[in-house]
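Enquirer: Encoded as structure tokens, here's the structure I'll be asking about.
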Amino acid sequence: MPSATEEDFMYAIEEAGDWREPILCYLQRGELPRDKVEAGRMQYKAWRRTKYEFEIHHLKQDVSTQSVDNGGSSSGDGGDCSLEKNSRKRRHNLRRPSKSTASMAAHRTTALHKTLATAVLATRHLSTAAITVETSLPFTAHKIDPPSRSVETSPQELLTFFRDMALMRRMEIAADSLYKAKLIRGFCHLYDGQEAVAVGMEAAINNKDCIITAYRDHCLFLGRGGTLLEAFAELMGRKDGCSKGKGGSMHFYKKEGGFYGGHGIVGAQVPLGCGLAFAQKYSKDENVTFALYGDGAANQGQLFEALNMAALWDLPAILVCENNHYGMGTAEWRAAKSPAYYKRGDYVPGLKVDGMDAFAVKQACKFAKEHALKNGPIILEMDTYRYHGHSMSDPGSTYRTRDEISGVRQERDPIERIRKLVLAHDLATEKELKDTEKEIRKEVDEAIAKAKESPLPDPSDLFTNVYVKGYGVEAFGADRKELRGVLP
Ligand SMILES: Cc1ncc(C[n+]2csc(CCOP(=O)(O)OP(=O)(O)O)c2C)c(N)n1
Ligand SMILES: [Mg+2]
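Numbering follows UniProt numbering, in which position 469 of the sequence shown is assigned residue number 469; successive positions increment by one, without gaps.
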């Protein structure tokens, strides 16, 4: 059996930003004896430590370290196991900015300026006068006529969008610090960059419509009416958390707000979401379910099985692919033969939406709700971006360039877009918006302080809300220390 060299292995890890994928690939190709897996994992840990120190060092120095090769024509041609042999080529691929992101960013600058120009000319009445804004890009549709690019809004909505997104951003940045201070443990996936999806979707629906998502759930929870205290307490495993401190980052819920979690198994929430839509149709509610999943989940079989049933029974299910262009560390072009996720429903219509534009999201969700109530499922692909790494163990800069990240921040940031609109409409001054951000910072700090005072869950809560009452694990014996499983 040929063995992978240490160099081969390290390059593969660097490229994937994770040790699991390369190990799996080498195992599948028979190039890595099973007994070397642990050794590979240790190598990965050492590499991560060095990488982390390197990043902190450069952040402190505030210098750009990135040597980006923009002129590359190499096209990593692979399927899942395409770890190329040539290490120089690998380095090249590692630094290669995503072609689509770069060209889309350029396209958007023009579109954004155009929208702002329109905005400046629009009415300057502050009151309740309606304002019309144009989406940054036209919608691209599959098997359906797209909605209009003109979106109705109001001064109040614009200011609320700004505040809500700034609050979400601050919450995620604070969560990052709490994690580094070891006050949040376990898994933690941040949503900064993707805020326009949560805020735009909320603006189009009501609390009887359901939302279900994966593990990147903090901001969707806030959007559904969850509080900062419930969020931070949950993140820190405290009793006042929305899942009583027993779920953590990946398992936020707010059933009364129509928020059904918070799921750790990639893609598993989509069939559950279709189940919710089934219940809505069965009870003749005029409501719909938005089932969110990532580009990484978009190739999963269970998604298509659920979609088939939803289409067969005309369920009011809206499948929302939050395409942030990466799975854990895998760029979409390495994982999907067709990354046009809005078309992947085949017989189910779809819409591609600029997920960095809260108004485009709002318009698309309103349109999708009307469609789903009348005709059954539809897919919305939200073209979005996450600024942080996949999770806290991922620095987020090994499989994409710093230039790509800062380019998106500069050209497409969802909050900055709204800030410009607010200023263009004279709804607030720059100073007022800065003051709002300061206020938000204070609000977040206060919630954290309160969450820290919240106690840890009682040990007696260990087995509650795990199984249906009467089943599951039961303590018995004189001191109740022995456990036994009770099956239906
Ligand atoms: C069934 C399953 N396979 C693998 C994983 C490990 N895993 C967690 S997140 C993730 C990537 C998912 O990426 P994407 O769907 O694009 O969502 P994003 O993290 O970008 O929001 C993987 C492979 C998992 N949790 N569940
Ligand atoms: Mg993704």
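Each residue gets a CB set at the ideal place from its N, CA and C atoms; glycine is no exception.
What is the DSSP secondary structure of Ala268, counted as helix, strand or coil?
Expert: Looking up residue 268 in the sequence shown gives position 268. Three-state DSSP puts Ala268 in coil, outside helix and strand.
Enquirer: Please classify Ala449 as buried or exposed, where buried requires at least 16 other C-beta atoms within 10 Å of its C-beta.
Expert: Start at 1 with the first residue of the sequence shown, and residue 449 comes out as number 449. Counting Cβ neighbours within 10 Å, Ala449 comes out exposed, since fewer than 16 surround it.
Enquirer: Within its chain, find whatever has a CB closer than 7 Å to the CB of residue 490; leave out the 5 residues flanking it on each side and keep chain order.
Expert: Nothing about residue 490 can be reported from this structure: the residues present for the chain run from 1 to 488 only.
Enquirer: Indicate whether the contact test is met: 3 or more Cβ pairs, each with one atom in the stretch 197–209 and one in the stretch 345–360, closer than 8 Å.
Expert: Verdict: yes, contact present.
Enquirer: For Arg480, does the three-state DSSP call read helix, strand or coil?
Expert: Position 480 of the sequence shown, counting from 1, holds the residue named residue 480. Reduced to three states, the DSSP call for Arg480 is coil.
Enquirer: Tell me the DSSP secondary structure of Gly350 in three-state form.
Expert: What you label residue 350 is simply residue 350 of the sequence shown in a count that begins at 1. Correct three-state label for Gly350: strand.
Enquirer: Taking just the CA atoms, how far does Arg216 sit from Pro339?
Expert: Your numbering for residue 339 matches position 339 in the sequence shown. Your numbering for residue 216 matches position 216 in the sequence shown. Straight-line Cα distance between these residues: approximately 21 Å.
Enquirer: In this structure, does DSSP put Val151 in helix, strand or coil?
Expert: Residue mapping note: residue 151 aligns to position 151 of the sequence shown, counting from 1. It is a strand residue.
Enquirer: Over what stretch of residues does the beta strand (DSSP E) that includes Ile211 continue unbroken?
Expert: Here residue 211 refers to the residue found at position 211 when the sequence shown is read from its first residue. First-last of the beta strand (DSSP E) with Ile211: 210–212.
Enquirer: Applying the 10 Å Cβ sphere with the 16-neighbour rule, what's the burial state of Lys481?
Expert: In the sequence shown, residue 481 corresponds to position 481, counting from 1. Exposed, since its Cβ has fewer than 16 Cβ neighbours within 10 Å.
Enquirer: Any idea if Gln156 is buried or exposed, counting beta-carbon neighbours within 10 angstroms, 16 or more meaning buried?
Expert: Working through the sequence shown from its first residue, we reach residue 156 at position 156. Classification of Gln156: exposed, given that the 10 Å Cβ count is below 16.
Enquirer: The alpha helix (DSSP H) that contains Asp445, what's its start and end?
Expert: By 1-based counting over the sequence shown, the position of residue 445 is 445. Element bounds for Asp445: 430–453.
Enquirer: For the stretch 173–236, which segments carrying the beta strand (DSSP E) assignment without a break, of at least 3 residues, lie completely within its bounds, in sequence order?
Expert: Counting whole runs of 3 or more residues, the stretch 173–236 contains the beta strand (DSSP E) stretches 210–212.
Enquirer: Does the beta-carbon distance from Pro414 to Glu172 come in below 8 Å?
Expert: Here residue 414 corresponds to residue number 414 of the sequence shown, with the count starting at 1. Here residue 172 corresponds to residue number 172 of the sequence shown, with the count starting at 1. Going by C-beta atoms, Pro414 is not nearer than 8 Å to Glu172.
Enquirer: Roughly how far, in whole angstroms, is the beta-carbon of Met328 from the beta-carbon of Tyr179, given that I think they are within contact range, below 8 Å?
Expert: Locating residue 328 in the sequence shown gives position 328, where the first residue counts as 1. Locating residue 179 in the sequence shown gives position 179, where the first residue counts as 1. In fact, because the Cβ distance is near 17 Å, the residues do not count as touching under 8 Å.
Enquirer: Secondary structure at Met356, three-state DSSP: helix, strand or coil?
Expert: Position 356 of the sequence shown holds residue 356. Looking at Met356 - three-state DSSP - the assignment turns out to be coil, as it is neither helix nor strand.
Enquirer: Which term fits Val468, buried or exposed, when burial requires 16 or more other beta carbons within 10 angstroms of its beta carbon?
Expert: Numbered from 1 along the sequence shown, position 468 holds the residue referred to as residue 468. Exposed, since its Cβ has fewer than 16 Cβ neighbours within 10 Å.
Enquirer: Roughly how many angstroms lie between the CA atoms of Val486 and Glu322, to the nearest whole one?
Expert: Taking the sequence shown and counting its residues from 1, one reaches residue 486 at position 486. Taking the sequence shown and counting its residues from 1, one reaches residue 322 at position 322. If you take the alpha carbons of Val486 and Glu322, they lie about 39 Å apart.
Enquirer: Would you call the stretch 294–311 and the stretch 335–354 in contact, with 3 or more CB pairs under 8 Å?
Expert: Counting Cβ pairs under 8 Å, three or more are found: they touch.
Enquirer: Going by the C-beta, is Asn299 closer than 7 Å to any heavy atom of ligand 1?
Expert: Counting from 1 along the sequence shown, the entry for residue 299 is found at position 299. No, since every heavy atom of ligand 1 falls outside the 7 Å radius drawn around the Cβ of Asn299.
Enquirer: Looking at the structure shown, is Glu38 part of a helix, part of a strand, or coil, going by DSSP?
Expert: The count along the sequence shown starts at 1 and reaches residue 38 at position 38. Of the three classes helix, strand and coil, the one that applies to Glu38 here is helix, per DSSP.
Enquirer: Going by C-alpha distance, which of Cys274, Arg344, His251, Gly275 is nearest Gly264?
Expert: The count along the sequence shown starts at 1 and reaches residue 264 at position 264. The option with the nearest alpha carbon to Gly264 is His251.
Enquirer: For ligand 1, is there a heavy atom less than 7 Å away from the beta-carbon of Val320?
Expert: Translated into positions along the sequence shown, residue 320 becomes position 320. No.
Enquirer: Note down the Cα distance separating Arg386 from Arg402, rounded to an integer number of angstroms.
Expert: Within the sequence shown, residue 386 is the residue found at index 386, counting from 1. Within the sequence shown, residue 402 is the residue found at index 402, counting from 1. If I take the Cα positions, the gap works out to 13 Å.
Enquirer: Going by beta carbon distance, what residues of the same chain come within less than 8 Å of Gly226, once the five residues before and after it are set aside?
Expert: Mapped onto the sequence shown, residue 226 falls at position 226. Cβ neighbours of Gly226 beyond the five flanking positions: Cys242, Phe252, Lys254, Gly257, Phe259.
Enquirer: Can you list, in chain order, the residues of its chain with a C-beta nearer than 6 Å to that of Asn287? Leave out the 5 residues immediately preceding and following it.
Expert: Here residue 287 refers to the residue found at position 287 when the sequence shown is read from its first residue. For Asn287, where only same-chain residues beyond five positions count, the Cβ hits under 6 Å are Lys208, Asp209, Gln280.
Enquirer: Give the straight-line distance between the Cα atoms of Ser435 and Thr132, rounded to the nearest whole angstrom.
Expert: The residue given as residue 435 occupies position 435 in the sequence shown. The residue given as residue 132 occupies position 132 in the sequence shown. A small correction: the amino acid at residue 435 is Asp; Ser does not occupy that position in the sequence shown. So the alpha carbons of these two residues sit roughly 26 Å apart.
Enquirer: Starting from the Cα of Phe161, find the closest Cα among Lys438, Glu446, Lys420 and give me that residue.
Expert: If you number the sequence shown from 1, residue 161 lands on position 161. The shortest C-alpha separation from Phe161 is found at Lys420.
Enquirer: To the nearest angstrom, how far is it from the Cα of Val320 to the Cα of Asp192?
Expert: On the sequence shown, residue 320 is found 320 positions in, with the first residue counted as 1. On the sequence shown, residue 192 is found 192 positions in, with the first residue counted as 1. In a straight line, the C-alpha of Val320 is about 18 Å away from that of Asp192.
Enquirer: Following a CB-centred definition, is Asp295 positioned closer than 7 Å to any heavy atom of ligand 2?
Expert: In the sequence shown, counting from the first residue as 1, residue 295 sits at position 295. Answer for Asp295: yes, Cβ within range of ligand 2.
Enquirer: Less than 7 Å between C-beta atoms, sequence neighbours within five positions excluded: which residues of the same chain meet that for His142?
Expert: Mapped onto the sequence shown, residue 142 falls at position 142. Contacts found: Tyr342, Lys343, Pro349, Gly350.
Enquirer: What span of residues does the alpha helix (DSSP H) with Ala297 cover, start to end?
Expert: Looking up residue 297 in the sequence shown gives position 297. Run containing Ala297: none; DSSP gives neither H nor E here.
Enquirer: Quick check on Gln410: buried or exposed, where buried means 16 or more other Cβ atoms within 10 Å of its Cβ?
Expert: Residue 410 sits at position 410 when you count from the first residue of the sequence shown. Flag for Gln410 reads exposed.
Enquirer: Can you tell me where the alpha helix (DSSP H) with Ala129 in it begins and where it stops?
Expert: As a position in the sequence shown, residue 129 is number 129, starting the count at 1. Taken as a continuous stretch (DSSP letters only), Ala129 belongs to no alpha helix (DSSP H), as it is neither H nor E.
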